[in-house]
Amino acid sequence: MRNPILTAILGLFLLFGFVPFGQADEAAEITKMTKEKVNNIITYLRDTSLEKETRNKQIIAEVNTIFDFKLMAQLSLGKQWKKTKKRQRKEFVKVFVKRIQQSYLEKLDLYTDEEVIIGDAKQTKKKRAVLTTYLVSADDDKKEMIYKFRKHKKRGWLVYDVNILGVSFIQTYRSQFAGVLKTKTMDELIEDLKNSEKS
Amino acid sequence: MAQASEEPEEEDTEPEEEDEDEEGEDDFDDEFGDPAEQEIFDPLSGYNRGMTSFNDGFYTYVLDPTARGYRWVVPEGGRRAVGRFFKNLLFPVRFVNNALQAKFKNTGEETGRFVINSTIGLFGLFDPAKSWFGLEEHPEDFGQTLGAYGVGGGFHIVLPLLGPSNLRDSVSLYPDFLADPTNSKFVVRKENGDHALYGDSELAPVGAKAVEVVNYTSLHIGEYDNLKKDAVDLYPFLRDVYEQNRNQKIAE
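Sequence lines, in order, name chains V and H.
Residues in the first sequence are numbered from 1 upward in steps of one, following our numbering.
Residues in the second sequence are numbered from 1 upward in steps of one, following our numbering.
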C-alpha cells in the first residue's frame, strides 16, 4: 500500500462491499480506457489543422490499441476459419481489416459534433465485458452502440464486436460470408473483397 | 488486387497466439451461432433482390439528391423543427402501441409529451417536454406490439420505396396507417358508406409524407451510403440488419 490513492480506492470498495472488487475494478478500467480513446478520436476529428491522411493514420493507431481486428476477421468467418489454409487466413485477415478500418473512418466522416455518452462497462463473464454508449445526433436521435470486449492474454481488454442499434457487426459479416461461401471459394471471396476495396 | 500483395509482409501471426484464438473461437460459437444452421426461410428472395436494387436506385438517384437540395435551402434548425412536428403527429401510433404492450409508464410519458409539445411546443415544432420536463420518447409500432406477444417476423419482404420489412411488419403497417393522422385525416366517407382514402384532397397526404421523408433524409445524409459500405452482398446484408434491429426493438 505504497500508493495512498490506491489505498483510498481499495478502502472505498471494501466499504461499499456490494460489488465484487475485482470485477468492478476491471469494468471501471474498460470505461476509463474507452472514454480516453473516444476523447482522443474526437480531438483528432475536431482538429481542422490536421491533414485528412495524417488524421486518419492517427485515428487508426488509436483504434488499433483497443480493437482486436484479427479476432474480428476470424469470427466473421465462423466455422470456415478452421477449414481455411494458413495462407488464405493471412490474406483474408489483411483485406478484412483494411476494409473495416476504411468503413470505420468513413463513418467518422459523418461525425458532426454529436454528443457521445459513455455508460459504465459491465463484466459479463470472466473474459467478457460490454460497454453501452450513445450517440446523440442532430435531430435528437439517440443511437445505442454497444462495444463488446474480450480479455486478451497479452493485450488486455479488446473490442471484438460492436452492436449498433441491435445490429451486430460481426453477426452481419458472418452471415454474409457464409452466404457467399455457399457458391464461391475462399480465394474468390478474398478476391471480391480486394476488388470492392478499390471501387 | 496486386497492390495488396506488393506490400511487405508484416509479422502477422505468431504460432503461440494462434493457439489462444482457436480456443477463443469455440468460446464464441454460442454467442454468434453457426450461420449454416441458421438457414433463413426466404421464399421471396428473387423478388426481394430486385426490389432492393430498385429501392437502392431510388434512394441514390431521387431521394438523396432531393434531400441534399432541400438541406441546402432549409437551415438545420428548421429541418429539425419539421422533423419534430411530424414525430409529434405520430403520437397516436406510439400511444396505442405502448398501451397495447402494457407499457403504461411510457404511455403516460408519451401523452404528456403530446400535450406539452402540441401547446407550449407550438404544434410540435419544439420539444419542451424533453428539455424542460425530461419526458422521453418511446417509439413503438404495431409490428413491435405483435412481436412483444411472441409473433415471429415471418419471411422477409422488401417493400417498394419503404424498404426492408417482413410478413408481420408489413401487415402491421395497416393499423399504424389508420392511427397516423397525416393519413386518416383525409379518409372521407363516401355517400354509399364506403371509406375512400384521401377523397378529394388526393395529393395532400402524399405530399405530407414526401416532405416528412425528404426532411428526415436531409438530417441523415450519407448514413445509408455509409451503412452500405459494410455490405458484401446488398440484399442479404440489409435483410440481416433489418431483422436484427427489429428484434432488438421488440426486446426492449
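For every residue, glycine included, the Cβ atom is placed at its ideal position computed from N, Cα and C.
Check: Are the C-beta of Gln58 (chain V) and some C-beta of chain H separated by less than 8 Å?
Finding: Not an interface residue.
Check: Ala179 (chain H): which of H:Ser53, H:Val93, H:Glu31 sits nearest, CA to CA?
Finding: H:Val93
Item checked: Which of helix, strand or coil DSSP assigns to Leu234 (chain H) -> helix
Next item on the list: Flag Gly119 (chain V) as yes if its beta-carbon sits less than 8 Å from any beta-carbon of chain H, otherwise no.
Entry: Interface with chain H (8 Å Cβ-Cβ cutoff): Gly119 (chain V) is excluded.
Next item on the list: Give every residue of the same chain whose Cβ lies closer than 8 Å to the Cβ of Glu23 (chain H), excluding the five residues on either side of it in the sequence, and list them in chain order.
Entry: Note on Glu23 (chain H): pLDDT 46, under 50, position unreliable in the model; the coordinate value appears next. Apart from sequence neighbours up to five positions away, no residue of its chain approaches Glu23 (chain H) with a beta-carbon distance below 8 Å.
Check: According to the neighbour-count rule (16 or more other Cβ atoms, all chains shown, within 10 Å of its Cβ), is Arg46 (chain V) buried or exposed?
Finding: It counts as exposed.
Note to self: Taking its Cβ as the centre, do 16 or more other Cβ atoms sit within 10 Å of Asp225 (chain H), making it buried, or is it exposed?
What the structure shows: exposed
Check: Applying the criterion that 16 or more other CB atoms from any shown protein chain within 10 Å of the CB defines a buried residue, is Pro205 (chain H) buried or exposed?
Finding: buried
Item checked: CA-to-CA distance, Leu100 (chain H) to Val151 (chain H), given in whole angstroms -> 14 Å
Notebook entry, point to check: If we call anything under 8 Å between Cβ atoms a contact, is Leu135 (chain V) one with Asn56 (chain V)?
Noted result: Their beta carbons are not under 8 Å apart, which means Leu135 (chain V) does not touch Asn56 (chain V) by this criterion.
Item checked: Local conformation of Tyr147 (chain V) per DSSP, three classes -> DSSP places Tyr147 (chain V) in strand when its eight states are reduced to three.
Item checked: Beta-carbon separation (whole angstroms), Leu238 (chain H) vs Pro164 (chain H), contact threshold 8 Å -> 5 Å
Next item on the list: Mind listing the chain H neighbours of Ile170 (chain V)? Cutoff is C-beta to C-beta under 8 Å, in chain order.
Entry: Result: Phe32.
Item checked: Per-residue DSSP class, three states only, for Lys184 (chain V) -> coil
Notebook entry, point to check: Excluding sequence positions up to five away, which residues of its chain have a Cβ less than 7 Å from the Cβ of Gln123 (chain V)?
Noted result: Gln23, Glu26, Ala27, Ala129
Next item on the list: Mind the definition here: the region 151-162 of chain H touches the region 102-112 of chain H only if three or more C-beta pairs lie below 8 Å; say whether that holds.
Entry: no
Note to self: Is there a Cβ of chain H sitting closer than 8 Å to that of Phe96 (chain V), yes or no?
What the structure shows: no
Next item on the list: Please report the Cβ distance between Val159 (chain V) and Ile66 (chain V), rounded to the nearest whole angstrom; I am assuming they are in contact, meaning their Cβ atoms lie under 8 Å.
Entry: 6 Å
Check: What residue from H:Lys87, H:Tyr242, H:Ile221, H:Asn245 has the CA that sits closest to Leu63 (chain H)'s CA?
Finding: H:Ile221
Margin query: What does the alpha-carbon distance come out to for the pair Asp21 (chain H) and Lys85 (chain V)?
Written below: With a pLDDT of 47 at Asp21 (chain H), under the threshold of 50, the modelled position of this residue cannot be trusted; read the value that follows with caution. Per the coordinates, the alpha-carbon of Asp21 (chain H) lies some 15 Å from the alpha-carbon of Lys85 (chain V).
Notebook entry, point to check: Which of the three DSSP states, helix, strand or coil, is assigned to Leu227 (chain H)?
Noted result: helix
Notebook entry, point to check: Is Glu188 (chain V) buried or exposed, if buried means 16 or more other CB atoms sit within 10 Å of its CB?
Noted result: exposed
Next item on the list: Go through its chain and collect everything with a Cβ distance to Ile190 (chain V)'s Cβ below 8 Å, but skip five positions before and after it.
Entry: Gln88, Glu91, Phe92, Val95
Checklist line | Per-residue DSSP class, three states only, for Asp128 (chain H) | finding: Sequence inspection shows Pro at residue 128 (chain H); the Asp mentioned does not correspond to that position. Three-state DSSP puts Pro128 (chain H) in a helix.
Next item on the list: Return the Cβ separation of Gly119 (chain V) and Leu131 (chain V) in integer angstroms, given the expectation that the two are a contact with Cβ distance under 8 Å.
Entry: Correct: roughly 7 Å between the Cβ atoms.
Item checked: Ser131 (chain H) versus Met186 (chain V) - alpha carbon distance -> 53 Å
Notebook entry, point to check: From what residue to what residue does the beta strand (DSSP E) around Lys130 (chain V) run?
Noted result: Going by the sequence as given, residue 130 (chain V) is Val instead of Lys. Looking at the DSSP string, the run of the beta strand (DSSP E) that includes Val130 (chain V) is 128-136.
Margin query: Beta carbons nearer than 9 Å to chain H: which residues of the region 99-110 of chain V have them?
Written below: Arg99, Ile100, Gln102, Ser103, Glu106, Lys107, Asp109, Leu110
Note to self: The alpha helix (DSSP H) that contains Phe178 (chain H), what's its start and end?
What the structure shows: Per the sequence presented here, residue 178 (chain H) reads as Leu, with Phe not at that position. 167-179 is the span of the alpha helix (DSSP H), which, as asked, contains Leu178 (chain H).
Margin query: Would you say Phe64 (chain H) lies against chain V (beta-carbon separation less than 8 Å)?
Written below: Here residue 64 (chain H) is Asp; the residue named in the question, Phe, does not match the sequence. The C-beta of Asp64 (chain H) comes no closer than 8 Å to any C-beta of chain V.
Next item on the list: Measure the Cβ-Cβ separation of Pro128 (chain H) and Gly134 (chain H) and say whether it is below 8 Å.
Entry: no
Item checked: Thr31 (chain V) and Ala178 (chain V) closer than 8 Å at C-beta -> no
Checklist line | Limits of the unbroken beta strand (DSSP E) element including Gln123 (chain V) | finding: 122-125
Checklist line | Any alpha helix (DSSP H) of 4 or more consecutive residues that is wholly inside the region 75-136 of chain H | finding: 76-89, 91-100, 104-119, 128-131
Notebook entry, point to check: Phe237 (chain H) touches chain V at which residues, Cβ-Cβ below 7 Å?
Noted result: Per Cβ cutoff of 7 Å: Thr172, Gln176.
Margin query: Please state whether the Cβ-Cβ distance between Tyr235 (chain H) and Asn48 (chain H) is less than 8 Å.
Written below: yes
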